[in-house]
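If you're matching positions, the sequence shown starts at 144 in our numbering and goes up one per residue.
Backbone N, C-alpha and C fix where the C-beta goes; we use that ideal spot for every residue, glycine too.
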Amino acid sequence: MSRIKSFLWLALLGGLTVVLPITILFLLVRWFYGFFSDLVEPITAMLVAQTQWPQGIADMAVFFLMLGLFCLIGLLVMTSVGAWLHSQVERVLKRVAPGYKTISDVVAQFFGGGASSSLLSGEVALARIYGEASPVTVTVIVTARHPNGDFTVFMPTAPIPTSGVVYHLPASCITLLPAVTVEAAMKTIIACGAGSPELFDKA
């Protein structure tokens, strides 16, 4: 009887492992589609009225048009004129919208606002946040190095790596992992530690 229960439990876990990611992905896509549809509803309503397209087709058309617009803006800011215009717009927004700078900095950190400012360009390390004599280590991203040799690190929290804690630690409490990419470290954090042996193997 115990073997049957064990077999059924493993079968249930196996089924959940397959179904849950698909379900979560479906819910995320559904949520994003609803959010996007509400956001562009005025534009799609006008498009439907002009072309008699179904609502779903109009939503997709507007979605791809917006992607194209984002690409054009990205290409524009890569030019000297576009970069100048962007700096002028940012200067105005930082004056009239106090929260804009914070939002801009967060987006730059996680999506690559520049080679030196993006969190994704940091170095992965293991940090002894309780002192070098402590056996406890945590996965961190080095965000700054100080002239005296100290480090500033960001410790993401699982399973949401966009939140975390900032520590300022001496070099003796930091073990750099140059062979580990930030993306690989983030995967272990999202997975609540699964895959961490690879990080320690490279320490």
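So, using beta-carbon positions, are residue i and residue j closer together than 8 Å?
{"i": "LEU269", "j": "THR280", "result": "yes"}
{"i": "ILE272", "j": "VAL325", "result": "no"}
{"i": "ILE333", "j": "PRO304", "result": "yes"}
With residue i as the anchor, note down where its beta strand (DSSP E) starts and where it stops.
{"i": "PRO299", "result": "294-299"}
{"i": "VAL267", "result": "266-270"}
{"i": "LEU228", "result": "From DSSP, LEU228 is part of no beta strand (DSSP E) but of the alpha helix (DSSP H) over 223-239."}
{"i": "MET303", "result": "Note that residue 303 is Ile in the sequence shown, not Met. Segment: none, ILE303 is in no beta strand (DSSP E) and carries neither H nor E."}
Between residue i and the rest of its own chain, which residues show a CB-CB distance below 7 Å, the 5 nearest in sequence each way excluded?
{"i": "LYS244", "result": "LYS237"}
{"i": "HIS311", "result": "ASP293, THR295"}
{"i": "HIS229", "result": "VAL220"}
Report all residues from its chain with a CB closer than 8 Å to the CB of residue i; omit the five preceding and five following residues, and keep chain order.
{"i": "VAL224", "result": "none"}
{"i": "GLY242", "result": "none"}
Between which two residues does the alpha helix (DSSP H) containing residue i stretch?
{"i": "THR286", "result": "Careful: THR286 lies outside any alpha helix (DSSP H), inside the beta strand (DSSP E) at 281-288."}
{"i": "GLY211", "result": "198-220"}
{"i": "VAL308", "result": "Segment 307-312 is the beta strand (DSSP E) holding VAL308; no alpha helix (DSSP H) there."}
{"i": "LEU190", "result": "184-194"}
{"i": "THR331", "result": "325-333"}
Check the C-beta distance from residue i over to residue j and give it rounded, since I have them as a contact under 8 Å.
{"i": "SER235", "j": "ALA328", "result": "First, the amino acid is wrong: residue 235 is Val here, not Ser. With 8 Å as the limit, VAL235 and ALA328 do not qualify as a contact, their Cβ atoms being about 37 Å apart."}
{"i": "ALA322", "j": "THR331", "result": "Not quite, the Cβ-Cβ distance comes to about 14 Å (not below 8 Å), so this is no contact."}
Are the stretch 201-213 and the stretch 184-192 touching by the rule of at least three beta carbon pairs closer than 8 Å? yes
Cβ pair count under 8 Å reaching 3, the stretch 311-322 against the stretch 285-299: yes
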